[in-house]
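Asker: Residue numbers (this note's numbering), protein chains in the order written: chain A, 1044 to 1384; chain B, 1044 to 1384; chain C, 1044 to 1384; chain D, 1044 to 1384. C-beta: ideal position from N, C-alpha, C; glycine also. Have a look at this one before I ask anything.
There are 4 protein chains.
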Amino acid sequence: MIIVMRHDATSDQVKAVVTQVEAHGMRTHLSDGDERTVIGVIGTNPFALRDLFVEAPGVAEVVPITKPFKLSNREFRARDTRIPIGDHVVGAEDVWIVAGPCSVDGEAIFLETCRQVKAAGAHALRGGVFKPRTSPYSFQGLRGDGIAILGEARRQTGLPLVCEVLAPADIDTLAGLADVLQIGARNMQNFALLSEVGRLRKPVLLKRGMSATIEEWLLSAEYILSQGNYEVILCERGIRTFETYTRNTLDLNAVPLVKELSHLPVIVDPSHGTGRRSLVTAMALAGVAAGAHGLMVEVHAQPELALSDGAQSITPEAFRQLVEQVESVAAALGRGARVPA
Amino acid sequence: MIIVMRHDATSDQVKAVVTQVEAHGMRTHLSDGDERTVIGVIGTNPFALRDLFVEAPGVAEVVPITKPFKLSNREFRARDTRIPIGDHVVGAEDVWIVAGPCSVDGEAIFLETCRQVKAAGAHALRGGVFKPRTSPYSFQGLRGDGIAILGEARRQTGLPLVCEVLAPADIDTLAGLADVLQIGARNMQNFALLSEVGRLRKPVLLKRGMSATIEEWLLSAEYILSQGNYEVILCERGIRTFETYTRNTLDLNAVPLVKELSHLPVIVDPSHGTGRRSLVTAMALAGVAAGAHGLMVEVHAQPELALSDGAQSITPEAFRQLVEQVESVAAALGRGARVPA
Amino acid sequence: MIIVMRHDATSDQVKAVVTQVEAHGMRTHLSDGDERTVIGVIGTNPFALRDLFVEAPGVAEVVPITKPFKLSNREFRARDTRIPIGDHVVGAEDVWIVAGPCSVDGEAIFLETCRQVKAAGAHALRGGVFKPRTSPYSFQGLRGDGIAILGEARRQTGLPLVCEVLAPADIDTLAGLADVLQIGARNMQNFALLSEVGRLRKPVLLKRGMSATIEEWLLSAEYILSQGNYEVILCERGIRTFETYTRNTLDLNAVPLVKELSHLPVIVDPSHGTGRRSLVTAMALAGVAAGAHGLMVEVHAQPELALSDGAQSITPEAFRQLVEQVESVAAALGRGARVPA
Amino acid sequence: MIIVMRHDATSDQVKAVVTQVEAHGMRTHLSDGDERTVIGVIGTNPFALRDLFVEAPGVAEVVPITKPFKLSNREFRARDTRIPIGDHVVGAEDVWIVAGPCSVDGEAIFLETCRQVKAAGAHALRGGVFKPRTSPYSFQGLRGDGIAILGEARRQTGLPLVCEVLAPADIDTLAGLADVLQIGARNMQNFALLSEVGRLRKPVLLKRGMSATIEEWLLSAEYILSQGNYEVILCERGIRTFETYTRNTLDLNAVPLVKELSHLPVIVDPSHGTGRRSLVTAMALAGVAAGAHGLMVEVHAQPELALSDGAQSITPEAFRQLVEQVESVAAALGRGARVPA
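Written out as structure tokens, the structure is:
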């Protein structure tokens, strides 16, 4: 951390800052420029002290010089994290494909969709029974009633399940069933929930908050990692921008950027990421070309009947074509998409 | 809700949409323009069906024409909600002033600050024992240890307490002590927590999420109201913008806009709202001039020692002057600030 | 356009609106819902009247139902616009690749870079002599001195030139030399400049403004088209988001969305779009996979000496590899990248 | 400027950076932390060199430590800039009030509005003859025909005129007539136009761009100041946010922040700043309470007939009441609003 003094700071103000820094067990290093004095702060976690100095007398600015995330930081662990889920290893070269309806909204149609996405090449199923909805008047998920249906889908297809948890209480309900617990965008900074899933030993799929920076997202991952659960998969799902023709804006820059900054795997969700069925395939292909370790795609056997997010669900047939094109693009870049048969 | 058909929609596509709308128990009303057909949908809560139609064949757009919030909507309840807290009525003409440190970080200094803010004219105390922090390596609040200190502050000053809850489990801990439960910005869409405080009969202060629209904020209030708890105070605390010289951007437009759209009281927090001590007083005055029902201000007897958010805390003396200026501005606009002695 | 009346609008208020609409030569169509009256407005360009009604007595909202862009709208012209530039047709299947330094900052190095990007497969050269810079103290471009160098580059390589214009006066200077005139992001709503290039008969590359919506971007294109110049190429170059690790956020959703809404060709600039050299190749590949008609890439033979935007320039060798990978991805999707030899 | 080296930078990489810095005539100052080396760069305008280093081998980050604006920076000129316009001094204690229609759209109604705003207490008139409109199909201003009307308004009221210029060519047309030239939000980074008005000796009112940071705004002011024209008035007119119920979000934080960072006067425009008539008065009062040096308000004798921006225009009677309330709030804070009679 660097403390930049004001142009007109007195030498007493400089001394006061130095004294206070050292009182917190850190060392200082002064540098006098033509215009002002700059104080380097050396020690462990100086970031935590930022607030103490930012408006102290004579201080112009406090500038962090190390990134505040540690366990997820590639600078301190160069090797990619790889997470086995079912027959697939997430974070390796092959593209991991998760698919299924946004929510479980009827047994027959849900099971039918799951069978079809498996046939088309999906490696895992998605399907929520607790749904976070902006309005209390929208469909909130089947809750308890959906659990049995999810279990049946898992049994019939043999595919692992990714399920969202909304509250610590859901973890107990879902932990026995789901292979991966998903934290949704609106809960990315629900720190109580993050700590709770950090205490499990089960992969967590952490969606990016709608207006979160990459740093905040990695700090949320850090809440999970710092509790001892290292199996975190990041999922970019669209950020909020000024665009009104789409629900969200899938931020693919996040893919190569996360891979540069962190060793954790990162996948993309072009369905929530755009909110428009007609954009899903193009953005799925772009995600793979950008280097994503996987895709999460909403598929519904009858999108026009979906009780949530029908506008962004594609049909099983469209999904089958998407998988084929993903395979072509992945192959062109020297990567695979399918689990070896 | 209005369903706008595409310019080239066939009459079969129009019929299919009408049939499906009516299958959901709603009525339709067709209007043929020069360029396209528009279908009005009449019935209860058509909003919930939006997703069914938005990408149906031949549909160009689905446009809501009623606001999705109901219980908080001034169109359906013209009279202002007024909420008695201690000796003050929040939502009436007088300005409600809540003040205190961001978090409880030491007994002596906390009690000293509370005594001073009371002397300066505060109507209620703020002080968190659970702190939501972006980084797991930052100070997380005194938790259990802070509870006794909060109780002592309440006893010594006689002022009501506003405390933040981060998780359903905190409610049990704090419900006996706090007079108002605060939901922080990062939890504005933690729907499990909103439903839980909705089941209490105790005022809730709901902070606006950092990138939330007014509609989303009112829909979050709706989660609380729809559980039967009508005592919700909205608190504008700064939105995220591209500005880098401030931590947040206090959005004062929200004040007259919320008052136009809703009957719920709305206050502003110029401390988090700017993140810079030097801007707090100007923005507090502006908030009152914009019509806010109250203010929430961070005060710390020794801001330079605060373990969180010291950069935005003002001293008790600065707070005393702020209260005086608030009184002048409120009086100039025909409002009061002080509880009558 | 639809005018939604308030829940409590009187029948006189409804009549007043209808009368005023008809006074402007439009027809109306009333629809009475359970809760409110909705007035459909039928006629040419009702959009221009929006402001007259939006706060009229009894009006709740005015909702446009046709998109305000006309000449660029795919609804009214289904066929893709194709623009021949040199030996290439922009807007057809093949990927158009424009490359070169951000600005002309030295003759030898500029010509060297141009020769190398041609050898690597570029179809056109970029190189600015007028640079829009946020600070008046940054390098502003070589201006007049750069013109001769540009001409020499064109002569030596035989490749067409893309040059930015900042003001109407630049058009006279550059029109004889440049094959494509570029309007930069900061000038996307410089309507005087747009009208001026609309009067030329020369292709215009229109960059998207940093916070512009797709609709605003297409309306800016409309300023050019409505003057009779139909050869407009749209270029996505990154939007402003809250991310601080990158300079901009390349919005690839814009690619399939523009292709759905408009018949104009759309290319992407991953160099400005990210501002970081290390992300350029991944985002170029993603852009092609998303369906972009072309790429604009900053290349500099010695990026560490570039007087502007060196941080986002790649070396000729990195560009050569990028072109190869673009060819693989394009081929995997059934498209070509190279001009046939 | 500080260059932060990577954790794993080699000593050769450090040396290379130092050598290159010194080759540009600057001095360096090394500081070795526990984790990395930090290089201070000392000299004139190091900011211009930022791009050279930001992706150099071994470099993690380049951090500016001085603000890039100079002539507008309060650190280098503590005293407030005061600009006499008519009988008023902008930048002093009294609130400067500019009012009038958004555009000149008819002689009788324009003159009537001007007479009424003068009677209500306005110090200057606004009225555009060239209007920047997002769509080429919207009303573009009366252009030449409006000039004579503006001149007549000035003659009849004796009040100074504020007029917008869209292009260098407008300056010649308006310079003889207008007392203040306005640069609109969309032209805030039209650097050719900024330089042009910088060469005049006439006050310039510079509106903030819709997504501009304060630093970018001050750098745009710097383009004018650096040409020798020191009479720049900044005008906050609303930024773009995610809110959809308002057209823009007036950012009042900008007021105390600009006053802290710069000596230039700053006013606010609550009309464009919100886009809704019903919010104008509340935000005008808030602007004054926040410390703004003035207000720019849209007034129209018949807002329902305004050809642009009618939704945000208030009536002369509402304006009269606004001025009275502004006077009360200003007086409560020890400031005046009226020119002494």
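Leaving out five residues before and five after Leu1365(C) in sequence, what residues of the same chain have Cβ atoms less than 6 Å from its Cβ?
Answerer: In the third sequence, residue 1365(C) corresponds to position 322, counting from 1. Once the five neighbours on either side are set aside, the close Cβ partners of Leu1365(C) are Thr1324 and Ala1327.
Asker: So is Ser1146(C) buried or exposed if we call it buried at 16+ other beta carbons inside 10 Å?
Answerer: Looking up residue 1146(C) in the third sequence gives position 103. Result: buried.
Asker: Does the region 1367-1378 of chain D come close enough to the region 1134-1150 of chain D that 3 or more CB-CB pairs lie under 8 Å?
Answerer: The region 1134-1150 of chain D, when compared against the region 1367-1378 of chain D, does touch it at the 8 Å Cβ threshold.
Asker: Kindly indicate which three-state DSSP category Leu1277(D) falls into: helix, strand or coil?
Answerer: The count along the fourth sequence starts at 1 and reaches residue 1277(D) at position 234. Strand, per DSSP.
Asker: Taking Cβ positions, are Val1057(A) and Met1044(A) nearer each other than 8 Å?
Answerer: Position 14 of the first sequence, counting from 1, holds the residue named residue 1057(A). Position 1 of the first sequence, counting from 1, holds the residue named residue 1044(A). No, these two residues do not count as a Cβ contact at 8 Å.
Asker: Run through DSSP, which three-state label would Arg1198(C) get?
Answerer: As a first step, residue 1198(C) must be located in the third sequence, where it is residue number 155. It is helical.
Asker: Should Thr1062(B) be labelled buried (16 or more other beta-carbon atoms within 10 Å of its own) or exposed?
Answerer: Taking the first residue of the second sequence as position 1, residue 1062(B) is located at position 19. It is exposed - the Cβ of Thr1062(B) has fewer than 16 other Cβ atoms within 10 Å.
Asker: Give the list of continuous alpha helix (DSSP H) stretches no shorter than 4 residues that lie fully inside the region 1165-1189 of chain B.
Answerer: Entirely contained in the region 1165-1189 of chain B, not one alpha helix (DSSP H) run reaches 4 residues.
Asker: Could you work out which residue in Met1339(C), Ser1269(C) and Ala1264(C) is closest to His1166(C) when comparing CA atoms only?
Answerer: Locating residue 1166(C) in the third sequence gives position 123, counting from the first residue. Per the Cα distances, Met1339(C).
Asker: Can you give the beta carbon distance from Leu1248(B) to Ile1276(B), rounded, assuming they're within the 8 Å contact cut?
Answerer: To locate residue 1248(B), count along the second sequence from 1; it is residue 205. To locate residue 1276(B), count along the second sequence from 1; it is residue 233. That pair is a contact at about 5 Å.
Asker: Nearest CA to the CA of Leu1168(C): which residue from Glu1341(C), Leu1293(C), Ala1264(C) and Asp1294(C)?
Answerer: Locating residue 1168(C) in the third sequence gives position 125, where the first residue counts as 1. With distances taken between Cα atoms, Leu1168(C) lies closest to Glu1341(C).
Asker: When you compare the region 1099-1108 of chain A with the region 1101-1117 of chain D, are there three or more beta-carbon pairs, one atom per stretch, that lie closer than 8 Å?
Answerer: A contact exists between the region 1099-1108 of chain A and the region 1101-1117 of chain D.
Asker: Should Leu1236(D) be labelled buried (16 or more other beta-carbon atoms within 10 Å of its own) or exposed?
Answerer: Taking the fourth sequence and counting its residues from 1, one reaches residue 1236(D) at position 193. Buried.
Asker: Quick check on this structure: which residue in Glu1118(A), Tyr1266(A), Arg1122(A) and Val1141(A) has the alpha carbon closest to the alpha carbon of Ile1405(A)?
Answerer: No answer is possible for residue 1405(A): it lies beyond the span of chain A, which begins at 1044 and ends at 1384.
Asker: Name the DSSP bridge partner or partners of Glu1104(D)?
Answerer: Start at 1 with the first residue of the fourth sequence, and residue 1104(D) comes out as number 61. According to DSSP, which records beta bridges pairwise, Glu1104(D) is partnered with Val1047(D).
Asker: Suppose the cutoff is 8 Å on Cβ atoms and the five residues either side in sequence are ignored; what does the same chain contact list for Ala1121(C) look like?
Answerer: For the purposes of this step, residue 1121(C) is taken as the residue at position 78 of the third sequence. These residues qualify, in order along the chain: His1306.
Asker: Using the rule of at least 16 other Cβ atoms within 10 Å of the residue's Cβ for burial, across every protein chain shown, is Arg1079(D) buried or exposed?
Answerer: Numbered from its first residue, the fourth sequence carries residue 1079(D) at position 36. Buried, since its Cβ has 16 or more Cβ neighbours within 10 Å.
Asker: From the beta carbon of Arg1283(A), is the nearest beta carbon of chain D less than 8 Å away?
Answerer: Here residue 1283(A) refers to the residue found at position 240 when the first sequence is read from its first residue. Chain D, which has a Cβ nearer than 8 Å to the Cβ of Arg1283(A), makes this yes.
Asker: Contact defined as beta carbons within less than 8 Å: I believe Gln1345(B) pairs with Thr1317(B). What is the distance between those atoms, to the nearest angstrom?
Answerer: On the second sequence, residue 1345(B) is found 302 positions in, with the first residue counted as 1. On the second sequence, residue 1317(B) is found 274 positions in, with the first residue counted as 1. Contact doesn't hold; Cβ gap of about 20 Å is too wide.
Asker: Which residue wins for smallest C-alpha separation from Cys1278(A), given the options Gly1337(A), Ala1329(A) and Arg1363(A)?
Answerer: Taking the first sequence and counting its residues from 1, one reaches residue 1278(A) at position 235. When each option's Cα is compared against that of Cys1278(A), the closest is Gly1337(A).
Asker: Would Asp1094(C) be called buried (16 or more neighbouring beta carbons within 10 Å of its own) or exposed?
Answerer: Counting from 1 along the third sequence, the entry for residue 1094(C) is found at position 51. Buried, by the Cβ-count rule.
Asker: Jot down the residue ranges of each uninterrupted alpha helix (DSSP H) in the region 1325-1380 of chain D, minimum 4 residues, whole runs only, in chain order.
Answerer: Qualifying alpha helix (DSSP H) stretches, in chain order: 1359-1375.
Asker: With 16 other CB atoms within 10 Å as the buried threshold, where does Ala1373(A) fall?
Answerer: Mapped onto the first sequence, residue 1373(A) falls at position 330. Its Cβ being crowded by 16 or more others within 10 Å, Ala1373(A) is buried.
Asker: Name the DSSP beta bridge partners of Lys1250(D), please?
Answerer: What you label residue 1250(D) is simply residue 207 of the fourth sequence in a count that begins at 1. Lys1250(D) pairs with Cys1278(D).
Asker: Could you tell me whether any Cβ in chain A is nearer than 8 Å to the Cβ of His1072(D)?
Answerer: As a position in the fourth sequence, residue 1072(D) is number 29, starting the count at 1. Cβ-Cβ to chain A under 8 Å: yes for His1072(D).
Asker: Report the rounded CA-to-CA distance for Glu1150(D) versus Phe1182(D), giving the unit in angstroms.
Answerer: Counted from its first residue, the fourth sequence places residue 1150(D) at position 107. Counted from its first residue, the fourth sequence places residue 1182(D) at position 139. Each residue's Cα considered, the two are about 16 Å apart.
Asker: In terms of residue numbering, what span does the beta strand (DSSP E) encompassing Glu1207(C) cover?
Answerer: As a working mapping, residue 1207(C) is identified with position 164 in the third sequence. Looking at the DSSP string, the run of the beta strand (DSSP E) that includes Glu1207(C) is Leu1204 to Val1208.
Asker: With respect to the alpha helix (DSSP H) encompassing Asp1094(D), which residues constitute its N-terminal and C-terminal limits?
Answerer: Looking up residue 1094(D) in the fourth sequence gives position 51. Segment Arg1093 to Phe1096, the alpha helix (DSSP H) holding Asp1094(D).
Asker: Three or more C-beta pairs under 8 Å: does that hold for the region 1258-1273 of chain D against the region 1285-1292 of chain D?
Answerer: No contact exists between the region 1258-1273 of chain D and the region 1285-1292 of chain D.
Asker: Note the first and the last residue of the continuous beta strand (DSSP E) segment covering Leu1268(A).
Answerer: Here residue 1268(A) refers to the residue found at position 225 when the first sequence is read from its first residue. That residue, Leu1268(A), is in no beta strand (DSSP E); its alpha helix (DSSP H) goes Ile1257 to Leu1268.
Asker: In three-state DSSP terms, what is Val1147(C)?
Answerer: The sequence position of residue 1147(C) within the third sequence is 104, counting from 1. Val1147(C): coil per DSSP, three-state reduction.
Asker: Can you tell me where the alpha helix (DSSP H) with Ser1054(A) in it begins and where it stops?
Answerer: Here residue 1054(A) refers to the residue found at position 11 of the first sequence. Counting along the chain, the alpha helix (DSSP H) containing Ser1054(A) begins and ends at Ser1054 to Ala1066.
Asker: Starting from the beta carbon of Arg1120(B), find every residue of chain A whose beta carbon is closer than 7 Å, and list them in chain order.
Answerer: By one-based count along the second sequence, residue 1120(B) stands at place 77. Here the premise fails: no neighbours, minimum Cβ distance about 17 Å.
Asker: From the DSSP output, which residues share a beta bridge with Ser985(C)?
Answerer: The requested residue 985(C) is not part of the displayed model; chain C covers only 1044 to 1384.
Asker: In angstroms with no decimal places, state the Cα-to-Cα distance between Arg1075(A) and Leu1322(D).
Answerer: Taking the first sequence and counting its residues from 1, one reaches residue 1075(A) at position 32. Taking the fourth sequence and counting its residues from 1, one reaches residue 1322(D) at position 279. Residue identity check: residue 1075(A) is Asp in the sequence provided, not Arg. One C-alpha to the other measures close to 50 Å.
Asker: With burial defined as no fewer than 16 other Cβ atoms inside 10 Å of the residue's Cβ, what is the status of Arg1244(A): buried or exposed?
Answerer: Translated into the one-based positions of the first sequence, residue 1244(A) becomes position 201. Arg1244(A) should be labelled exposed.
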